[in-house]
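Peer 1: Protein chains in written order, with the numbering used here: chain A, 3 to 240; chain B, 1491 to 1759. For each residue, glycine too, the CB sits at the ideal point set by N, CA and C. On a predicted model such as this, the values are computed, not experimentally measured, just so you know.
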């Protein structure tokens, strides 16, 4: 449903741009179709929203059992999440691609190197998204009520992540600021840009670099936040 | 002591809800704000798209803003009134519905009153602002007919979206896990009505605009306000059909709901 809605809007944009003899921010119409449908599939793979496991366990106090385990809590949540993402890749990712390919004219990557790069990009996107969700949930150590933070994450991830519109539609300076200044494009926009070959191979590698940087930064932040939280954690009751 | 009238009971229930939701001030303010932000995100999308192209499927930015304004005011009014019905699944699963059923008050009204979304006022207010600005930008002439249409359309839209909310939530009676369907029809319908219909392609447009009736929420009324013929060739009086359609939708939703309540069997939880 949302795939169809967004595809038609994007196709109208591409049609309008073609009428004045241009391209919509460097994307052709079939590229935008692939962008939208692969994006719908990726939401499920990176699990953009709706993960409150950690926040719930912090509020109920169950988080203590996580701390007693011989595995670092960040790793203890990351590994199952990777498994979940791999499963989602087989199920949630395939369906929108098939539907999109049946209903519209889709763009297939032309360069062989794009496929492994896309695979790496998706893995990095899962890491960045996991770290982002972990940090948002970990705010619960201090705030207890994380609803506001979760909502902020949902809005930012949707708008700045490239779900509502490709970030490249923004003026160049604004797009650059969003790519380098926030982790959100690394979650959705960058894998999709890599997939539809929006940039030459060197540009694709550069995008992977940005993603890798954010993955390292955010995972380090998770470990740091977790350590600070454990020091001040008071579990009530029991 | 006289028994309080049914209306008085509902009034008290709503008042209690408002008090309880407003009592955590910071959280309430944040909720209000976040509803404004979500509308802002949709608006930003429209603006960014028009930053790339001057015309979208034959319509300018000001035209599209008028469609967007009509659609979002109708939707946000419905969301304020009955939006919390999307918790039906939880009510069925947790057994709250069973508690509600044994009380001598209307089931649907109780469920709506038990969780009035005051926080969604933020969204209604910002939708009004967007619509007023859009009307000014599009230079809609202030004729009595236009003013009437500007009042009738959001109200009809609100009734129509409310019917969609209730009807899709009812599915939870038969099929406990019904969230996806309900979201696709309510939020998908909202997104569909936010743009001029010329954006969409053949069968998809026909199914949503005429099959499900979403074309009458904003697009056809906007054509009358903009005083332009439909590029797709529909007659202009269609813009006045919104209330009729809303009434039909409300009756259908009511029937679906009553059938649902009659067939309800508790999950036993």
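#1: Would you list, in chain order, the members of the region 150-183 of chain A that have their beta-carbon closer than 7 Å to a beta-carbon of chain B?
#2: Please tell me whether residue 1708 of chain B and residue 1536 of chain B are closer than 8 Å, where the distance is taken between their beta carbons.
#3: Using the three-state DSSP reduction, which class does residue 167 of chain A fall into: helix, strand or coil?
#4: Work out the CA separation of residue 1751 of chain B and residue 1538 of chain B for me, nearest whole Å.
#5: Whole angstroms are fine: how far does the CA of residue 168 of chain A sit from the CA of residue 28 of chain A?
#6: How about residue 1746 of chain B and residue 1674 of chain B: do their beta carbons lie closer than 8 Å?
#7: For residue 107 of chain A, I'd like the list of residues in its chain whose CB is within less than 8 Å of its CB, leaving aside the five on either flank, ordered along the chain.
#8: In angstroms, rounded to a whole number, what distance separates the CA positions of residue 207 of chain A and residue 182 of chain A?
#9: Provide the residue span of the alpha helix (DSSP H) that contains residue 174 of chain A, from first to last.
#10: Using a Cβ-Cβ cut-off of 8 Å (strictly less than) and excluding sequence neighbours within five positions of residue 1519 of chain B, which residues of its own chain qualify?
#11: Answer with buried or exposed for residue 1631 of chain B, where buried requires no fewer than 16 other C-beta atoms within 10 angstroms of its C-beta.
#12: Among B/1628, B/1618, B/1697, which residue has its Cα nearest to the Cα of residue 1645 of chain B?
#13: Counting C-beta neighbours from all protein chains within 10 Å, is the total for residue 148 of chain A 16 or more, i.e. buried, or is it exposed?
#14: Please identify, using Cβ separations under 7 Å, the residues of the region 1510-1536 of chain B that lie next to chain A, in order along the chain.
#15: For residue 77 of chain A, which option in A/222, A/47, A/230 has the closest C-alpha, if you only look at C-alpha atoms?
#16: Compare the beta carbon distance of residue 41 of chain A and residue 194 of chain A with 8 Å and say whether it is the shorter of the two.
#17: In whole angstroms, what is the alpha-carbon distance linking residue 162 of chain A and residue 187 of chain A?
#18: Closer than 7 Å, Cβ to any Cβ of chain A: which residues of the region 1666-1697 of chain B, in chain order?
#19: Whose C-beta lies closer than 8 Å to the C-beta of residue 1499 of chain B among residues of the same chain, with five residues either side of it excluded?
#20: Suppose you measure from the CA of residue 1653 of chain B to the CA of residue 65 of chain A; what does that come to, to the nearest Å?
#21: Anything in chain B within Cβ reach of residue 15 of chain A, meaning under 8 Å, just list it in chain order.
#22: Do residue 1736 of chain B and residue 1649 of chain B have their beta-carbon atoms positioned less than 8 Å apart in this structure?
#23: What is the C-beta distance between residue 47 of chain A and residue 94 of chain A, in whole angstroms, given that I count them as a contact (C-beta under 8 Å)?
#24: What does the Cβ neighbour count give for residue 232 of chain A, buried or exposed, with the cut at 16 atoms within 10 Å?
#25: Out of A/101, A/121, A/15, A/54, which has the shortest C-alpha to C-alpha gap to residue 138 of chain A?
#26: Helix, strand or coil for residue 197 of chain A, going by three-state DSSP, please let me know.
#27: Using the three-state DSSP reduction, which class does residue 240 of chain A fall into: helix, strand or coil?
#28: Return the CA-CA distance between residue 1716 of chain B and residue 1687 of chain B, expressed in angstroms with no decimal places.
#29: Do we get a CB-CB distance below 8 Å when we pair residue 7 of chain A with the residues of chain B?
#30: Using a Cβ-Cβ cutoff of less than 8 Å, which residues in the same chain neighbour residue 1554 of chain B once the five nearest sequence positions on both sides are dropped?
#31: Buried or exposed: where does residue 1496 of chain B fall if 16 or more other Cβ atoms within 10 Å of its Cβ makes it buried?
#32: Pair every Cβ in the region 1692-1709 of chain B with every Cβ in the region 11-20 of chain A, then say whether three or more of these pairs are closer than 8 Å.
#33: In chain B, which residues lie less than 7 Å from residue 3 of chain A when you measure between Cβ atoms?
#34: Can you find a C-beta in chain B that's less than 8 Å from the C-beta of residue 35 of chain A?
#35: What did DSSP end up calling residue 1452 of chain B once you bin it into helix, strand or coil?
#36: Suppose the cutoff is 8 Å on Cβ atoms and the five residues either side in sequence are ignored; what does the same chain contact list for residue 5 of chain A look like?
Peer 2: Reading off the structure:
#1: 150, 153, 157, 160, 161, 166, 167, 171, 172
#2: The residue given as residue 1708 of chain B occupies position 218 in the second chain. The residue given as residue 1536 of chain B occupies position 46 in the second chain. No, Cβ-Cβ distance for residue 1708 of chain B and residue 1536 of chain B is not below 8 Å.
#3: As a first step, residue 167 of chain A is located in the first chain; it is residue number 165 there, counting from the start. DSSP places residue 167 of chain A in coil when its eight states are reduced to three.
#4: Within the second chain, residue 1538 of chain B is the residue found at index 48, counting from 1. Within the second chain, residue 1751 of chain B is the residue found at index 261, counting from 1. Their Cα atoms are separated by approximately 45 Å.
#5: Here the question's residue 28 of chain A lines up with position 26 in the first chain. Here the question's residue 168 of chain A lines up with position 166 in the first chain. C-alpha separation (whole angstroms): 11 Å.
#6: Residue mapping note: residue 1746 of chain B aligns to position 256 of the second chain, counting from 1. Residue mapping note: residue 1674 of chain B aligns to position 184 of the second chain, counting from 1. It is not a contact, given that the beta carbons lie outside the stated cut-off.
#7: Position 105 of the first chain, counted from the first residue, corresponds to residue 107 of chain A. If the five residues before and after residue 107 of chain A are omitted, its C-beta is found closer than 8 Å to the C-beta atoms of 31, 32, 35, all from its own chain and listed in chain order.
#8: Position 205 of the first chain, counted from the first residue, corresponds to residue 207 of chain A. Position 180 of the first chain, counted from the first residue, corresponds to residue 182 of chain A. Going by the C-alpha atoms only, they are around 15 Å apart.
#9: Numbered from its first residue, the first chain carries residue 174 of chain A at position 172. Element bounds for residue 174 of chain A: 174-183.
#10: Residue 1519 of chain B sits at position 29 when you count from the first residue of the second chain. So the list is empty, once near-sequence residues are dropped.
#11: Reading the second chain from its first residue, position 141 is the one you call residue 1631 of chain B. Exposed is the call here.
#12: Numbered from its first residue, the second chain carries residue 1645 of chain B at position 155. For the set B/1628, B/1618, B/1697, the Cα lying nearest the Cα of residue 1645 of chain B is the one of B/1618.
#13: Mapped onto the first chain, residue 148 of chain A falls at position 146. Looking at its Cβ environment, which holds 16 or more other Cβ atoms inside 10 Å, residue 148 of chain A is buried.
#14: If the cut-off is 7 Å between Cβ atoms, the region 1510-1536 of chain B has 1517, 1520, 1524, 1527, 1528, 1531, 1534, 1535 near chain A.
#15: For the purposes of this step, residue 77 of chain A is taken as residue 75 along the first chain, with counting starting at 1. Among A/222, A/47, A/230, the Cα nearest to that of residue 77 of chain A is on A/222.
#16: Within the first chain, the letter at position 39 stands for residue 41 of chain A. Within the first chain, the letter at position 192 stands for residue 194 of chain A. Yes, Cβ-Cβ distance for residue 41 of chain A and residue 194 of chain A is below 8 Å.
#17: To locate residue 162 of chain A, count along the first chain from 1; it is residue 160. To locate residue 187 of chain A, count along the first chain from 1; it is residue 185. The straight-line gap from Cα to Cα measures roughly 6 Å.
#18: 1674, 1678, 1681, 1682, 1685, 1689, 1690, 1691, 1694
#19: Mapped onto the second chain, residue 1499 of chain B falls at position 9. Correct list, in chain order: 1595.
#20: Reading the second chain from its first residue, position 163 is the one you call residue 1653 of chain B. Reading the first chain from its first residue, position 63 is the one you call residue 65 of chain A. Going by the C-alpha atoms only, they are around 42 Å apart.
#21: For the purposes of this step, residue 15 of chain A is taken as residue 13 along the first chain, with counting starting at 1. Within chain B, the residues near residue 15 of chain A are 1539, 1542, 1543, 1546.
#22: The residue you call residue 1649 of chain B lines up with position 159 of the second chain. The residue you call residue 1736 of chain B lines up with position 246 of the second chain. In this structure, residue 1736 of chain B lies closer than 8 Å to residue 1649 of chain B by Cβ.
#23: What you label residue 47 of chain A is simply residue 45 of the first chain in a count that begins at 1. What you label residue 94 of chain A is simply residue 92 of the first chain in a count that begins at 1. Between residue 94 of chain A and residue 47 of chain A the Cβ distance is about 6 Å, and since that is below 8 Å, they are a contact.
#24: For the purposes of this step, residue 232 of chain A is taken as residue 230 along the first chain, with counting starting at 1. So residue 232 of chain A counts as exposed.
#25: On the first chain, position 136 is the one that residue 138 of chain A refers to. Taking only the C-alpha atoms, the option nearest residue 138 of chain A is A/54.
#26: On the first chain, position 195 is the one that residue 197 of chain A refers to. DSSP places residue 197 of chain A in helix when its eight states are reduced to three.
#27: Numbered from its first residue, the first chain carries residue 240 of chain A at position 238. In this prediction, residue 240 of chain A has a pLDDT of 44, which is less than 50 and means its spatial position is unreliable; nothing more can be read from the coordinates.
#28: Counting from one through the second chain, the residue named residue 1716 of chain B turns up at place 226. Counting from one through the second chain, the residue named residue 1687 of chain B turns up at place 197. Taking the straight line from one Cα to the other gives about 15 Å.
#29: Counting from 1 along the first chain, the entry for residue 7 of chain A is found at position 5. Closer than 8 Å: yes.
#30: Along the second chain, one-based indexing puts residue 1554 of chain B at 64. 1536, 1540, 1546, 1685, 1686, listed in sequence order.
#31: Here the question's residue 1496 of chain B lines up with position 6 in the second chain. By the neighbour-count rule (16 or more Cβ atoms within 10 Å), residue 1496 of chain B is not buried but exposed.
#32: no
#33: Within the first chain, residue 3 of chain A is the residue found at index 1, counting from 1. Result: 1674, 1678.
#34: Locating residue 35 of chain A in the first chain gives position 33, counting from the first residue. Chain B, which has no Cβ nearer than 8 Å to the Cβ of residue 35 of chain A, makes this no.
#35: Lying before the first or after the last residue shown, residue 1452 of chain B is absent from chain B, which here runs from 1491 to 1759.
#36: The count along the first chain starts at 1 and reaches residue 5 of chain A at position 3. Excluding residues within five positions, the ones whose Cβ falls inside 8 Å are 38, 39, 42, 98, 101, 102.
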